[in-house]
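This report concerns only the one structure given below.
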Amino acid sequence: MPGRGCGRLRPAQAAPDRLSAPVDALVEWTTVTPDPAVIEVNTAPSVDARDFLARSRAIYATAADEGLAPYRLYYNGAVADSGGGGQITLGGPSPDASPFLLAPRLLPRLVRFLNRHPALSYLYCHDYMGSGGQSVRTDERGMDTFDELQLALALLERDPAPSPEHLWHGLASFLCDAAGNSHRAEVNIEKLWNPFLGSRGKQGLVEFRALRMQHSPERATALACLLRALVAFLACRDDALPLLDWGRELHDRFALPFYLEQDMEAVLGALASAGLELDEAITARLRLDEFRHLGNAELPGCVLEIRRALEFWPLLGDAASPEQGGSSRLVDASTARLEIRLRPRPGAGPDWQAWRIATCAVALPMRPERDREGELKVFGLRYRSFVPGWGLHPGLGSQTPVRLRLSHPDLAEAYLVTLHEWRPAGGGYPGLPDSLAEAANRRAERITVERQDGVDAVAAEADPHPGLNGFYLDLRTRDC
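Under the numbering used here, think of the first position of the sequence shown as 18, with each following residue one higher.
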């Protein structure tokens, strides 16, 4: 609907039914569009964070009144976003006032900064990420494209005042997926200064797409504040940081939430050092672990925390080919990844570090780390959580439940911690969870702990198996 802008128009200027109103500053557009399984809402631009929050609260409240939610709850307590996405677009009150056109070096610096901080790509992202996902990073398209991007950025840096069209042209071929689709890129500049879309393409807009639908309007607003602060920070920088070639670490290290959280702390620290520190109420929302935490296992002197980590699902065969029919793309979503954190209890002595964790006869080389809460150890596990009707590795069965065996040299008993994909006792659930709290309870119930008296359950040594690297063990490579 035209909304408030219609009050500034004379009746003769109002758009008749079924005709488009003018796309200019006289009209504030909010569109509501039915999409497969979701309702897509594109809000009118907000002048500041307060306005953005007010609009978001109104939209969330209206959706709730209609029985709609910004997330999906599964029977076993797993939580996913609504399936639509929570993209945020930044620009100016007019194309000429866009910060990306007023400061032409801003966009290249943004591309560099996102490359160096994967947390901005993955920490708040939807489930469909990676090279075949819905928000492909510039370094997820192969080394040839990565090398060309480095050259493109260097050439833009040489130009003291690139025109808007030159800026768009210089980066558009890199801010897209491997098939050239800009709507599957982490940063979409389709409407920055695109001459092929007429006035619609020359709006000075940059869209951030690596964002899932957030559970609350406050969390969505916190992300908008983060992105706005980041743009202000980069607009004032004079240096052009080199791109980093993360290699395998991009999908190994940064698949684990711990390292994404640490990277986000570095981003927040950089903003604070530049005088752009975000309010504590905002950073608290940004640090909130909304749905990845599965549950804890209490052990003598320490706590084992289990989280759902990120997984980068591959496209299957010619799934993206027009010959397949329809507009969907088939991925194999059967691989899951866990993050394991081992923490000492308050007041625990240094002997907590002697705990050993093994699975499938392999001792996990837990990584010693430190965060805001203190010392801990971190590692990851990959496994096949179900057998898809059509997917990779047809001979590989389900590897659930996942069993972890923990032992300590000073204790006569070991502990078996089991993560079940379903109710440990079997049988069906009475229905879907009726709240996020109930979903959290169901996730926690899927983690069971049992003692193994007199059994050294972790006798295995670290195994130089190809499925074991510095950040995770891939159980799919092992016969267990």
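Glycine included, every Cβ here is placed at the ideal spot set by N, Cα and C.
Excluding sequence positions up to five away, which residues of its chain have a Cβ less than 7 Å from the Cβ of D349?
If we look at D349 and ignore the five residues flanking it on each side, its Cβ neighbours are W330, P331, L333, P405, G408 and L409.
Alpha carbon to alpha carbon, how far is Y489 from R495?
If you take the alpha carbons of Y489 and R495, they lie about 13 Å apart.
Per-residue DSSP class, three states only, for A81
Per DSSP, reduced to three states, the secondary structure at A81 is helical.
With a threshold of 6 Å on Cβ separation, who are the neighbours of G100 within its own chain once the five nearest residues in sequence on each side are excluded?
Closer than 6 Å at Cβ, skipping near neighbours: A54 and V55.
Let me know if N59 comes out buried or exposed under the rule of 16 or more other beta-carbons within 10 Å of its beta-carbon.
Burial call: exposed.
Under 8 Å, do P134 and D280 count as touching if we go by C-beta distance?
Here residue 134 turns out to be His, not Pro, going by the sequence shown. Yes, these two residues count as a Cβ contact at 8 Å.
Could you tell me the distance, in whole angstroms, from the CA atom of Y92 to the CA atom of P112?
Rounded to whole angstroms, Y92 and P112 show a C-alpha spacing of 47 Å.
Over what stretch of residues does the beta strand (DSSP E) that includes C242 continue unbroken?
No beta strand (DSSP E) contains C242, which is instead part of the alpha helix (DSSP H) from P234 to A252.
Among residues of its own chain, excluding the 5 on either side of R154, which ones have a beta-carbon nearer than 6 Å to its beta-carbon?
In the same chain as R154, and ignoring 5 residues on each side of it, the C-beta atoms closer than 6 Å to its own belong to S138 and E203, in chain order.
Which of the three DSSP states is assigned to P483 in this structure?
Coil at P483, not helix or strand.
Chain-order list of residues whose beta-carbon lies under 6 Å from that of A195 (same chain, five-residue window excluded)
Contacts found: R158.
Do the region 291–311 and the region 369–384 meet, that is, are 3 or more Cβ pairs less than 8 Å apart?
Segments in contact, no.
What alpha helix (DSSP H) runs, 4 residues minimum, are completely inside the region 133–218?
If you keep only unbroken alpha helix (DSSP H) runs of at least 4 residues inside the region 133–218, you get 136–139, 160–175 and 181–189.
Burial state of E467, where buried means 16 or more other Cβ atoms lie within 10 Å:
By the beta-carbon neighbour count (other beta carbons within 10 angstroms, threshold 16), E467 is exposed.
Just confirm the distance between the C-beta atoms of L355 and G397, as a whole number of angstroms; I'd bet it's less than 8 Å.
The Cβ separation is near 6 Å, so the contact holds.
Just to confirm before moving on: does the CB-CB distance between V248 and L123 stay below 8 Å?
For the 8 Å CB-CB criterion, V248 and L123 form a contact.
In this structure, how does DSSP classify D269 when only helix, strand and coil are distinguished?
It is helical.
Taking just the CA atoms, how far does E235 sit from G149?
Answer to the nearest angstrom: the Cα atoms are 30 Å apart.
Determine contact between the region 101–120 and the region 222–229, defined as no fewer than three beta-carbon pairs at a distance below 8 Å.
Result yes; three or more Cβ-Cβ pairs closer than 8 Å.
Distance check for E430 and D164, CA to CA, integer angstroms please.
Looking at the backbone, the Cα of D164 and that of E430 are separated by about 54 Å.
Status (buried if at least 16 other CB within 10 Å, exposed otherwise) for P385
Answer is exposed; the Cβ neighbour count stays below 16.
Does F117 come out as helix, strand or coil in the three-state DSSP assignment?
Secondary structure at F117: helix, using DSSP grouped into helix, strand and coil.
What is the DSSP secondary structure of S452, counted as helix, strand or coil?
Three-state result, S452: coil.
Could you tell me the distance, in whole angstroms, from the CA atom of C497 to the CA atom of C242?
Looking at the two C-alpha atoms, the distance is approximately 47 Å.
Please tell me whether F191 and T162 are closer than 8 Å, where the distance is taken between their beta carbons.
Yes.
Nearest neighbour of N458, chosen from D470, W439, G444 and Q469 [CA to CA]
Closest option to N458, judged by alpha-carbon separation, among D470, W439, G444 and Q469: W439.
Put N458 into one of helix, strand or coil per three-state DSSP.
Looking at N458 - three-state DSSP - the assignment turns out to be helix.
Rounded to whole angstroms, what is the Cα-Cα separation between R463 and T435?
Approximately 8 Å, taken between the alpha carbons.
Within 8 Å, strictly: CB atoms of L492 and R399:
In this structure, L492 sits near R399, with a CB-CB distance shorter than 8 Å.
How should V49 be labelled, buried or exposed, when 16 other C-beta atoms within 10 angstroms of its C-beta is the threshold for buried?
Exposed.
Closer than 6 Å by C-beta to C193: which residues in its own chain qualify, once you throw out the five before and the five after it? Chain order, please.
For C193, the CB contacts under 6 Å within the same chain, skipping 5 residues up- and downstream, are S199 and A202 in chain order.
Let me know if Y446 comes out buried or exposed under the rule of 16 or more other beta-carbons within 10 Å of its beta-carbon.
Classification of Y446: exposed, given that the 10 Å Cβ count is below 16.
By Cβ distance below 7 Å, which residues in the same chain neighbour S63 in space, the five residues on each side in sequence not counted?
So the qualifying residues of the chain are F69 and R72.
Please return the same chain residues whose Cβ sits closer than 6 Å to the Cβ of D269, not counting the five positions on each side in sequence.
By the criterion of a C-beta distance shorter than 6 Å, D269 is surrounded in its chain by F488, once the five residues flanking it on both sides are discounted.
Beta strand (DSSP E) runs contained entirely in the region 365–398, provided each spans 3 or more residues:
Fully enclosed beta strand (DSSP E) runs of 3 or longer: 373–376 and 384–388.
Starting from E297, trace the beta strand (DSSP E) in both directions and tell me its first and last residue.
Counted as a single uninterrupted DSSP element, the stretch harbouring E297 is not any beta strand (DSSP E) but the alpha helix (DSSP H) occupying residues E297 to R304.
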